[in-house]
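Sequence lines, in order, name chains X and Z. The first sequence begins at 1 in the working numbering and counts up one residue at a time. The second sequence begins at 1 in the working numbering and counts up one residue at a time. Just so it is clear, CB atoms sit at the ideal spot from N, CA and C, and this is done for glycine as well. Keep in mind that this is a model prediction, so the values were computed, not measured. So the structure is just underneath, and the comments pick up after that.
2 protein chains.
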Amino acid sequence: MRLLYEANIEDIAIGAAVLGSGGGSDPYIGKLMAREAIRQFGPVPLYSLEELADDDLVMPVAGMGAPTVLREKLPAGDDIVRAFHTLAKYAGRGARATMSIEAGGMNSIRPIYIGARLGLPVVDCDGMGRAFPEIQMTVLTAHGISASPFVMSDERGNVLLMNAVSNRWIETFSRSCVMHMGATCAIALYSATVAQLKEAAIPGTITLAEEIGRTLRQARRHERNPVAALCQAIGGFLLFRGKITDVDRRVVAGFARGDARMRGSGAFADQDLRLDFQNEHLVVRIDGEYIATTPDLIAVLDSETANPVTTESLRYGMRVAVIAIPCAPQWREPAALALVHPRYFGYDVDYIPVEERFRS
Amino acid sequence: MRLLYEANIEDIAIGAAVLGSGGGSDPYIGKLMAREAIRQFGPVPLYSLEELADDDLVMPVAGMGAPTVLREKLPAGDDIVRAFHTLAKYAGRGARATMSIEAGGMNSIRPIYIGARLGLPVVDCDGMGRAFPEIQMTVLTAHGISASPFVMSDERGNVLLMNAVSNRWIETFSRSCVMHMGATCAIALYSATVAQLKEAAIPGTITLAEEIGRTLRQARRHERNPVAALCQAIGGFLLFRGKITDVDRRVVAGFARGDARMRGSGAFADQDLRLDFQNEHLVVRIDGEYIATTPDLIAVLDSETANPVTTESLRYGMRVAVIAIPCAPQWREPAALALVHPRYFGYDVDYIPVEERFRS
């Protein structure tokens, strides 16, 4: 166990936004919320799964919707508390801890915020090791853990509690409701015992996020190339450097969908990149050839600072680096891969792990 | 208190379908379900509100969706039981009785079905005295009774429990989910104490439905004109007799919407009628002039037998009588009228009580 203080939040938020693969929302807002909550209520204990009892119950929280919307509609935080309490009341037993369901600038931070407000520990693991756009897209689903009971709540005070026969059905119902909630809400879901999570969850994500954030911060301080330092630290691959020449983005069916076009520079001069996203970055093509796909992580970084750029922040003229990071190995097992395969998202391409593409 | 036996169900189902104003679903299916349940589990006690204690809790049940769909997707009944039990579990106290939320061939009968299966009394009242298409359209809403906690369940086993800040929000969320449920599901909602219902509900609807059914049955047996007998018994007005010349019907946004055109015969020769519906009949125009509108009841009856024709059964060539019946007086109070005014449904016309139209 260690305590998370205000000082830890900056690195976690930035690092989680790298892992978020363009999704999980902008780290800036999450950072402010969590720092304020820690200032007010004190530091938050971060436990590893091994430090908890096998039958302890963990209740993850997250935000849902189109990240684009959060930029204009800041979350007050009461919606997350309401969702969490409703799930706890329904479960009929207290939660020992909370955790994040996906890595991302906001969705790694929301559990820390709830931890501070409710005096609850956070577990150092998550359900994706990155971010994905749909509810059922977790390695927990592949291990048979139910997203139900699932709670969603908006800032008005509406609370919906769903028990569905599959995690895909939760996605269907909740997606159609979140649109009516203004494309953003708080959710509590996938409650599971520590024993289940030891089997299924991706461990150490908060600590990994913090390391990524620290790597970037220190590289900048020592005037080393932060993009290169990051790739070295986490086994990432530089796919591209260049300038964003066009962004097509729209809120469709409760998601932020679209694509960004880039024109290469330096070693990538004369190359054209196309990045497709649905809340998260899904596939990258250079001159029409796939070069990285889901479930491997695709991050867009500011060319100078290596600060992660989420999908809602992509805009014309930005100079960026695009990197790919091998996904957690759990995603490469068949049951998990089927949930997030490029073909699931409509791309007619096999999944080839990014490190294999770069080996050849 | 009196007991409802199989023999009572036929009259209730037919009479309730008249009150249903084209909605509340086909009486035939409901009749079969309730008769089978009574045969298996015994008769169902029907109580008036006065026979219950003021703090007894009543939990209504109903079906939701596009009635058109029920003709092809028969309800098994387990979805209603699931919805009812979920609401009871959430309320944390047992229900003393159930009741119907709207009058209609199915929706007057579903509570009797649940009563038989669960050994639970039914209260002789409802929330509309007719049927209306949207969740918030009850006189209960006008009296401040919440439709939340609201439960919806489909035949797959999905269960959604909603607590919304208004009954209109329940409509919004549940309507978007029922579409994913194949446009049909069971709901439990508007739980209220007997004291609240004495204030707000429309009393005696089951008994009124049974009287209407009996009137029609006896008129047919004695070879009297059943349409005239019905109008006399309940103060209805004959608007039209004729033949259906066209029906335009589609399932839109979880509703069966459309209109039927008719050509008059006999005293109505050379007149053209247009009947608009959204699950229920909303307005009738003859030669372009409004002649009856919501919230007054508009019923289409088979010209010979006076059997009610629900919106999903309207078809080309049918010979029908169209009648209007003054709505329950509760609907004419401003707060209630605003919920179901012709203008709410997009018709630019004032509401004039049908008996005033016919007085002039």
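Neighbouring residues, chain Z, relative to residue i (Cβ below 8 angstroms)
i     : result
X:Y81 : The sequence as given places Val at residue 81 of chain X; Tyr does not occur at that position. Result: empty, since nearest Cβ-Cβ is about 15 angstroms, beyond 8 angstroms.
Amino acids of chain X, ordered along the chain, whose beta-carbon sits closer than 8 angstroms to that of residue i
i      : result
Z:N158 : M162, N163, A164, V165, W169, F173
Proximal residues of chain Z, C-beta to C-beta of residue i below 7 angstroms
i     : result
X:H85 : Ordered by position in chain Z, no residue passes the 7 angstroms Cβ test against X:H85, which lies about 12 angstroms from the chain.
Residues sharing a beta bridge with residue i, DSSP
i      : result
Z:L238 : Z:I323
X:D272 : X:R263
X:D302 : X:V320
Z:T193 : Z:L57
X:K243 : X:R263, X:R319
Z:E280 : Z:Q278
Z:G65  : Z:T184
X:L32  : Partner(s): none; X:L32 has no beta bridge.
X:A256 : X:V251
Z:P203 : Z:C125
X:V44  : X:L4
Z:Y290 : Z:R285
X:S100 : X:V61
Z:P308 : Z:L301
Nearest to residue i (by Cα), restricted to the options the options
i      : options                        : result
Z:A267 : Z:G242, Z:V252, Z:R261         : Z:G242
Z:N44  : Z:I114, Z:H85, Z:M262, Z:A299  : This sequence places Val at residue 44 of chain Z; Asn is not what is there. Selected option, being the one with the closest Cα: Z:I114.
X:L297 : X:A16, X:I12, X:N8, X:E10      : X:A16
Z:P111 : Z:I135, Z:R130, Z:A34          : Z:A34
X:S166 : X:V61, X:T138, X:T98, X:A183   : X:T138
X:V354 : X:T215, X:G65, X:A142, X:F237  : X:F237
X:L301 : X:E6, X:G20, X:Y5, X:A7        : X:G20
Z:L57  : Z:T215, Z:M64, Z:Q278, Z:V122  : Z:V122
X:L118 : X:T98, X:E50, X:A299           : X:T98
Z:Y5   : Z:G23, Z:A116, Z:I29           : Z:A116
X:D420 : X:S265, X:T172, X:A53, X:Y47   : Lying outside 1 to 360, the shown extent of chain X, residue 420 of chain X is not represented and no answer is given.
X:R257 : X:R315, X:P133, X:G204         : X:P133
X:A260 : X:S313, X:V252, X:E223, X:N307 : X:S313
Z:R357 : Z:E289, Z:L216, Z:P226, Z:Y190 : Z:E289
X:T294 : X:A321, X:L49, X:C327, X:I109  : X:C327
X:A336 : X:H143, X:L3, X:R214           : X:H143
X:G10  : X:D26, X:M1, X:G77             : Per the sequence shown, the amino acid found at residue 10 of chain X is Glu instead of Gly. Comparing Cα positions, the closest option is X:D26.
X:T362 : X:R319, X:A292, X:R315         : Past the edges of chain X, shown from 1 to 360, lies residue 362 of chain X, and the structure says nothing about it.
Z:V227 : Z:A147, Z:A321, Z:T86          : Z:A321
X:N158 : X:I187, X:E36, X:G346, X:G104  : X:I187
X:I234 : X:I323, X:V247, X:R332, X:Q278 : X:I323
X:L275 : X:V309, X:I14, X:V251          : X:V309
X:C231 : X:R217, X:I212, X:T245         : X:I212
X:L3   : X:D272, X:A164, X:C177, X:L120 : X:L120
X:R250 : X:G65, X:D54, X:W169           : X:G65
Z:Y28  : Z:I291, Z:R315, Z:I12, Z:L49   : Z:I12
X:I171 : X:A147, X:F277, X:A192, X:R343 : According to the sequence shown, residue 171 of chain X is Glu rather than Ile. X:E171 has its Cα closest to that of X:A147, out of X:A147, X:F277, X:A192, X:R343.
Near the ligand SAM: residue i beta-carbon under 7 angstroms from a heavy atom
i      : result
Z:R315 : This structure lacks the ligand SAM; in fact it carries no ligand of any kind.
Proximity test, Cβ basis, 8 angstroms: residue i and chain A
i      : result
Z:I114 : Absent from the structure is chain A; the protein chains it does hold are X and Z.
Review point. The stretch 296 to 317 of chain Z: which residues have C-beta closer than 7 angstroms to a C-beta of chain X, in chain order?
Key: none
Practice item. Give, in chain order, every residue of the stretch 173 to 195 of chain X whose Cβ lies closer than 8 angstroms to some Cβ of chain Z. Key: F173, S176, C177, M179, H180
Practice item. Entirely within the stretch 114 to 175 of chain X and at least 4 residues each: give me those alpha helix (DSSP H) ranges in chain order. Key: 139 to 142
Point to revise | Contiguous alpha helix (DSSP H) assignments of at least 4 residues, all confined to the stretch 328 to 356 of chain X | key: 334 to 340
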